[in-house]
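Some notes on the structure that comes next.
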Amino acid sequence: MSVRYLSCGDTAFTVEFGNQISPQINGQVMALHGAIGAARADGALKGVVETVPSMRSLMVTYDPMATSRAALQPEIDALISRGLPAEAKTRRVTIPCCYDDPEFAPDLTEVAERTKRTPEQVIEGHLKSAFTVYVLGFMPGLAYIAGLDPSLYLPRRSEPRVRVPKSSVSIAMNMTVIYPFESPGGWHLIGRTPIWLFDQRREQPVFLAPGDHLTFERIDRKTFDRIAAEVEAGTLDWSTLVKE
Amino acid sequence: MTAALKVVRPGLFDTLQDRGRIGYMALGMPTAGAMDRIGLALANALAGNPAGMAGLEIGVMGPDLLVEADSVRVALTGPLSPALIEAPDAPPKPIESDRSHLLKRGQVLRVGMIEGSSTAYLAVAGGFALPAFMGSLSTYARAGVGGFEGRKLQANDSLPLKLDHAPPGEERKLAAPFDYGHGPVRVVWGPQEASFSEQGRATFIGADYRVSKEADRMGIRFEGPTIEHAVAVEKGGADIISDGIGPGAIQVPGAGLPIVLLADRQTVGGYPKIATVASVDLPRLGRLLPGQTVRFTAVTVEEAEKLRREQEARVARTIADFQPARPAGGIDLARLYEENLIDGVVYEPAPA
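Residue numbers (our numbering), protein chains in the order written: chain B, 173 to 416; chain E, -18 to 333.
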């Protein structure tokens, strides 16, 4: 297998497995992530600080006081050429989402115009998409979820918003993401879920995991408010959202 | 009674930071940590602490802190203008930065403004008695985790201290302010320099970029000439499949202006990153103020690694060269006796 090494300064580099989003490529990324973790547990790969998986690449961060790019890259190459195991795992997760409040969906009209659809067709496209969680990142608990209906593909906004509200549901390219916190962001906001993707009160603060299969369920504002109150109070039964 | 520093008046953006939350980026958890690792390391060394202990990162303007402990040794680093010590029974006394100070119960440390930098540090001997989150005390305010209640300091916060009196020892200072370097900021091309046209890369390296008002712990948006992508933005030229973001990554969204991503940066992102600031110059970025101007220059990975190792050796030499610092206004015998009684240990005063 041929990979590309991309420089991220003198404390990291990225190992790129391909130029597409596919379960096979993502599987290789997660496998190298696991293999480096195992090698480090055995005392190898001195100087590696951590590894950060994404759709089609793995970033390896290192301490230039303990190692160097020139020493580390051949060691990673050797790991890859020894062969990486494939990975598989599925949960089915349903995310309730309210699309009908303009405050929750400020970009719905623009997305409809740019994709030459009605707002209702945009919502239907999102609801019928078969999504898979590819990677966690950007901020704690944020999942990049691929599988958006092709009729809704758009690039991200050219100027990111300074503030996107917590639990906003958004789309761009072939993906959907849900913001775990208020933060800056460049995606199109088409709805909001009452659930929190990161809740530090829970034993497992991060809700979604790589490999999860995911669909959205349309809810009205009243249902949104009811579930939001349960989430806030910590009384929501999260298992109702997940089928193992 | 628990020893503490009480926030009488908060500064603009004071957060507890250590060297960062390491090992959780795969869960999407940013590292956070000190914007200027050198300032924190020197403050810790002056206070007699290990290098990785959490200190208070002061953003632009610092807090007023009331000492609620028998005594506490603090160390300040950064260009403060100058800090003051106030007590009910004495006139305010200016104190220097880049050294340690012994404070007593009832005194108020007014940290004040930082001049010519956005960032300064305060370390306390023995550290803060606060719980770590995911192995670190670094505050990550967007998620409300780490530090003091996961946020910047507010009035009436009481920061618990590990020690309720300062360990014995003399006050120390830097022999000279640490030189963070001048001239262009060193960067390494990549990871996505190929997403930019030759002209775009030349613009980035050749032009002056000014720090905009949108500059915080997450990153700095620069203003200046726009950088051309290799493929038109309307055709997805500013989109990549999201990948990991290292410290100092310089992303260029469709609008063409560079954003340098710093301590609180997201773990992955989907804008192309033209270059990455060499780690030797990250502390300089962490100190920039809105309106200041920088230029970028490219070095290789090997050069950047070498520069970093030389800088770390210089930090170690700076610490080895610490000088004894006499109390302002000469040796205060009464104070020395008092502290000896508190400590129960007699030690030699600093040589005159």
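A virtual CB, placed ideally from N, CA and C, is assigned to each residue, including glycine.
Check: Excluding the five sequence neighbours on either side, which residues of its own chain have a C-beta within less than 8 Å of the C-beta of residue 328 (chain B), listed in chain order?; Outcome: 344, 345, 358, 359 and 360
Check: How about the region 164 to 171 of chain E and the region 193 to 205 of chain E: do they share at least three Cβ pairs that are nearer than 8 Å?; Outcome: no
Check: Rounded to the nearest angstrom, what separates residue 205 (chain B) and residue 288 (chain E) at their Cα positions?; Outcome: 29 Å
Check: Any C-beta of chain E sitting closer than 8 Å to the C-beta of residue 308 (chain B)?; Outcome: yes
Check: Using 8 Å for Cβ pairs, my map puts residue 362 (chain B) next to residue 279 (chain B). What's the rounded Cβ distance?; Outcome: 6 Å
Check: Considering only residues of the same chain and omitting the five flanking positions on each side of residue 111 (chain E), which have a CB-CB separation below 8 Å?; Outcome: -3, 35, 118, 128, 129, 140 and 141
Check: Given a threshold of 16 other Cβ atoms within 10 Å of its Cβ, counted over all protein chains shown, does residue 376 (chain B) qualify as buried or as exposed?; Outcome: exposed
Check: Consult DSSP for residue 412 (chain B) and reduce its assignment to one of helix, strand or coil.; Outcome: helix
Check: Looking at chain E, is there any beta carbon in it that lies within less than 8 Å of the beta carbon of residue 314 (chain B)?; Outcome: yes
Check: Listed from N- to C-terminal order along the chain, which residues in the region 231 to 259 of chain B have their beta-carbon within a distance smaller than 8 Å of any beta-carbon of chain E?; Outcome: 231, 233, 236, 237, 240, 241 and 242
Check: Against chain E, does residue 226 (chain B) count as a neighbour if the rule is that its beta carbon must be under 8 Å from one of theirs?; Outcome: yes
Check: Using the C-alpha atoms, what's the distance from residue 224 (chain B) back to residue 230 (chain B)?; Outcome: 6 Å
Check: Kindly indicate which residue of E:253, E:295, E:187 and E:290 has the alpha-carbon position closest to the one of residue 278 (chain E).; Outcome: E:187
Check: Which residue marks the beginning of the beta strand (DSSP E) containing residue 83 (chain E), and which one marks its end?; Outcome: 80 to 85
Check: Between residue 211 (chain B) and residue 232 (chain B), what straight-line distance do the alpha-carbon atoms span, to the nearest angstrom?; Outcome: 13 Å
Check: So, residue 238 (chain E) versus residue 226 (chain E), is the Cβ gap smaller than 8 Å?; Outcome: no
Check: Applying the criterion that 16 or more other CB atoms from any shown protein chain within 10 Å of the CB defines a buried residue, is residue 163 (chain E) buried or exposed?; Outcome: exposed
Check: Could one say the Cβ of residue 319 (chain B) lies closer than 8 Å to chain E's Cβ atoms, at least one of them?; Outcome: no
Check: Using a Cβ-Cβ cut-off of less than 7 Å, list which residues of the region -3 to 13 of chain E approach chain B; keep chain order.; Outcome: 3, 4, 6, 7, 8, 9, 10 and 11
Check: Out of E:224, E:295, E:280 and E:261, point me to the one whose CA is closest to residue 188 (chain B)'s CA.; Outcome: E:224
Check: Straight-line CA distance for residue 368 (chain B) to residue 275 (chain B)?; Outcome: 18 Å
Check: Do residue 91 (chain E) and residue 49 (chain E) come within 8 Å of each other at the CB atom, strictly closer than that value?; Outcome: no
Check: In this structure, what does DSSP give as the bridge partners for residue 234 (chain B)?; Outcome: B:220
Check: Counting Cβ pairs, one atom from each stretch, are 3 or more of them under 8 Å apart for the region 8 to 25 of chain E and the region 393 to 402 of chain B?; Outcome: no
Check: Could you tell me whether any Cβ in chain B is nearer than 8 Å to the Cβ of residue 222 (chain E)?; Outcome: yes
Check: Contact defined as beta carbons within less than 8 Å: I believe residue 102 (chain E) pairs with residue 59 (chain E). What is the distance between those atoms, to the nearest angstrom?; Outcome: 6 Å
Check: Is the region 198 to 218 of chain E in contact with the region 171 to 184 of chain E, if contact means three or more CB pairs nearer than 8 Å?; Outcome: yes
Check: In chain order, which beta strand (DSSP E) runs of at least 3 residues are fully inside the region 91 to 150 of chain E?; Outcome: 100 to 105 and 139 to 141
Check: How would you call residue 327 (chain E), buried or exposed, if buried means at least 16 neighbouring beta carbons within 10 angstroms?; Outcome: Annotation note: pLDDT 41 at residue 327 (chain E) (below 50); position unreliable, coordinate value reported separately. The residue in question, residue 327 (chain E), is exposed, as its Cβ has fewer than 16 Cβ neighbours within 10 Å.
Check: Do residue 236 (chain B) and residue 290 (chain E) have their beta-carbon atoms positioned less than 8 Å apart in this structure?; Outcome: yes
Check: Of all Cβ atoms in chain B, is any one closer than 8 Å to the Cβ of residue 187 (chain E)?; Outcome: no
Check: Per DSSP, residue 57 (chain E) forms a beta bridge with which residues?; Outcome: E:80 and E:103
Check: Report buried or exposed for residue 202 (chain E), applying the criterion of at least 16 other Cβ atoms within 10 angstroms of its Cβ.; Outcome: buried
Check: Would you call residue 53 (chain E) buried or exposed, if buried means 16 or more other Cβ atoms sit within 10 Å of its Cβ?; Outcome: buried
Check: Assign residue 331 (chain B) to buried or exposed, taking buried as 16 or more other Cβ atoms, counted over all protein chains shown, within 10 Å of its Cβ.; Outcome: exposed
Check: Which same chain residues, not among the five before or five after residue 145 (chain E), have their C-beta less than 6 Å away from its C-beta?; Outcome: -16, 50 and 51
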